[in-house]
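Chemist:
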């Protein structure tokens, strides 16, 4: 059942809302010069420009930092969206990858950034301050494709549902099988393909198992399980209560409180590959609703997003509208364009807006 999406006509900055926002880059002539901000609780969107994000691929967000990649010049760097602090990483030419994980905040001297390659069983990783990336071959039993950070540890899941831990030890990644039971493999009539997403929620590890109709991208069912580390078993979860899950294609899926954010409780928000729609799966009645956060006239190629857990106060950054340079007018009617020739979004990430958030950088968001 589709949900209506409306354009916002705003002459003043919208008040910071405690809800997730989706953001995607788009522009003209292959240049990504504009960002569209989609409010997931109100199904509205506005457009603006953050210079630091222009012409950059938003790979993912972790520990409050964006991982950005310049596809033309191979520049790769971390960006703190509150302080606009930038940390340069070794140059990296784009390659298809399953997931991208930041092991810990950049304030940690042992912080490492890990890409898991899609086309071969290997991982590319580097530490802050390294001059180049290290490529490490992964054995079939180590080759994970979905990952998240939970309780300070990196967890990955292999194609056959084996749960792993990933540790950065010196100049090597140490991938260890936990010895837990494999991820559940529900048998749903009419389905022939499964996909799993690991989710961190309040320090607990969950897995969302998606069942697809045949070989299509249409979801037939979703099931949620929580890891019981005392028994190393996955236990089925029938309700998320007040929690809502946001699934990310490139890792770092997370949850938030529905009551505090104004979004649908006991639900799972997700996007699918090249699809332009944002879907919401209701765990109570197993219904699926959707809206279109990418209201473009042309098709959205490679439209997917990586969800985050950071605080992003739009009042603390320079957002220029209509090419202005003063950065004072955050939103205006000119940014709510109707017929701008837009190109496809590359990646999306979720922005958290919390009432009264102080711009002071603290450990949680450093």
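In our numbering, the protein residues as written are 1 to 366. Each residue gets a CB set at the ideal place from its N, CA and C atoms; glycine is no exception.
#1: Could you pull out every unbroken beta strand (DSSP E) segment of at least 3 residues lying fully inside the region 26-83, listed in chain order?
#2: What's the gap between the Cα of residue 204 and the Cα of residue 53?
#3: When you compare only the Cα positions, how much space is there between residue 211 and residue 288?
#4: Could you give the DSSP three-state label for residue 204: helix, strand or coil?
#5: Taking only the alpha-carbon atoms, compute the straight-line gap between residue 393 and residue 268 and give it to the nearest angstrom.
#6: Give the DSSP-derived three-state secondary structure of residue 171 in the structure shown.
#7: Identify the residues that DSSP records as bridge partners of residue 234: which are they?
#8: Can you check DSSP and say which residues form a bridge with residue 117?
#9: From this set, 167, 104, 90 and 201, which residue's C-alpha is nearest residue 134's C-alpha?
#10: Assess contact between the region 222-242 and the region 177-196, defined as three or more Cβ pairs (one per stretch) separated by less than 8 Å. Is contact present?
#11: Can you say whether residue 302 is buried or exposed, counting buried as having 16 or more other CB atoms within 10 angstroms of its CB?
#12: Would a C-beta distance cut-off of 9 Å place residue 114 and residue 154 closer than the cut-off?
#13: When burial is assigned at 16 or more other CB atoms within 10 Å of the CB, is residue 200 buried or exposed?
#14: Would you kindly work out how many angstroms separate the C-alpha atoms of residue 50 and residue 35, rounded to a whole number?
#15: Let me check understanding here. Comparing Cα to Cα, which of 141, 202 and 160 lies closest to residue 174?
#16: Nearest-angstrom Cα distance between residue 234 and residue 195?
#17: Do the CB positions of residue 74 and residue 57 come within less than 9 Å of each other?
#18: Which residues in the same chain have their Cβ closer than 6 Å to the Cβ of residue 293, if we skip the five residues on either side of it in sequence?
Modeler: Let me lay it out:
#1: 34-39, 44-48, 57-62, 65-69 and 76-79
#2: Position 204 of the chain shown holds residue 204. Position 53 of the chain shown holds residue 53. Near 32 Å, if we compare the C-alpha coordinates of residue 53 and residue 204.
#3: Looking up residue 211 in the chain shown gives position 211. Looking up residue 288 in the chain shown gives position 288. If you take the alpha carbons of residue 211 and residue 288, they lie about 13 Å apart.
#4: Against the chain shown, residue 204 aligns to sequence position 204. Three-state result, residue 204: strand.
#5: The question about residue 393 has no answer here: the residues shown for the chain are numbered 1 through 366.
#6: Here residue 171 corresponds to residue number 171 of the chain shown, with the count starting at 1. Coil at residue 171, not helix or strand.
#7: Residue numbering aside, residue 234 sits at position 234 when the chain shown is read from its first letter. Answer is 227, bridged to residue 234.
#8: Within the chain shown, numbered from 1, the residue matching residue 117 stands at position 117. Beta-bridge pairing links residue 117 to 97.
#9: The count along the chain shown starts at 1 and reaches residue 134 at position 134. Selected option, being the one with the closest Cα: 90.
#10: yes
#11: For the purposes of this step, residue 302 is identified with residue 302 of the chain shown, where counting begins at 1. Only weak support exists for where residue 302 lies, its pLDDT of 36 falling under 50; the value from the coordinates is given anyway. That one is exposed.
#12: If you number the chain shown from 1, residue 114 lands on position 114. If you number the chain shown from 1, residue 154 lands on position 154. Result yes, Cβ atoms of residue 114 and residue 154 sit closer than 9 Å.
#13: Walking along the chain shown from the start, residue 200 turns up at place 200. Its Cβ being crowded by 16 or more others within 10 Å, residue 200 is buried.
#14: The sequence position of residue 50 within the chain shown is 50, counting from 1. The sequence position of residue 35 within the chain shown is 35, counting from 1. Computed Cα separation, rounded: 7 Å.
#15: Locating residue 174 in the chain shown gives position 174, counting from the first residue. Among 141, 202 and 160, the Cα nearest to that of residue 174 is on 141.
#16: Position 234 of the chain shown holds residue 234. Position 195 of the chain shown holds residue 195. Between residue 234 and residue 195, the C-alpha separation is close to 16 Å.
#17: Along the chain shown, one-based indexing puts residue 74 at 74. Along the chain shown, one-based indexing puts residue 57 at 57. No, the pair does not count as a contact, with Cβ atoms beyond the cut-off.
#18: Working through the chain shown from its first residue, we reach residue 293 at position 293. Correct list, in chain order: 22, 38 and 278.
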